[in-house]
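Working notes, beginning with the structure itself.
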């Protein structure tokens, strides 16, 4: 029975380290997805001349989860509510923030972009997309550095913490 308890402690600590490591990787992947979404948005607005709701539907089909769920939620909310696009964007971002591995800074950049969405003509909207893309690229570079620095360390610390606790208990 004692061995089972020690194995559970070791497994749990290792799992916590792996989970933390996956959050670093998830943030990097999700930032890349949002940058891709901005590029697709710009292309569809410029060349496809699609309405924003159709763009959200397209993004929800082309991106991977949880970013695709965010755009799917935007699309569905726009169908059923009488709120402005900015309010729907902010509410969707808030409701999906716990599923996303993004930091407050990342969410702030996305929120600022959402506040400008649909308020300008095509030229100004393209500039807003470029600005948001620049900010997200900055956050992506920061995320890649953090992932390099902390992802391996998190996995290793989780395992070593589990081993240390098991050794102390023996």
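In our numbering, the protein residues as written are 5 to 174. Cβ coordinates follow ideal geometry from the N, Cα and C atoms, glycine included.
Asked                                                                                                 : Found
Assigned secondary structure, residue 72 (DSSP; H/G/I helix, E/B strand, else coil)                   : helix
Per-residue burial, residue 149 [other beta carbons within 10 Å of its own, 16 or more giving buried] : exposed
Enclosing alpha helix (DSSP H) for residue 139 [first to last residue]                                : 126-173
Straight-line Cα distance separating residue 120 from residue 129                                     : 8 Å
For residue 86, three-class secondary structure by DSSP                                               : coil
Alpha-carbon spacing of residue 136 relative to residue 113, whole angstroms                          : 7 Å
Buried versus exposed, by CB contacts within 10 Å (16 or more), residue 9                             : exposed
Residue range of the unbroken alpha helix (DSSP H) whose run includes residue 25                      : 6-47
Residue 25 versus residue 153: straight-line alpha-carbon distance, rounded                           : 10 Å
Which listed residue (161, 82, 15, 68) has its alpha carbon closest to that of residue 58             : 82
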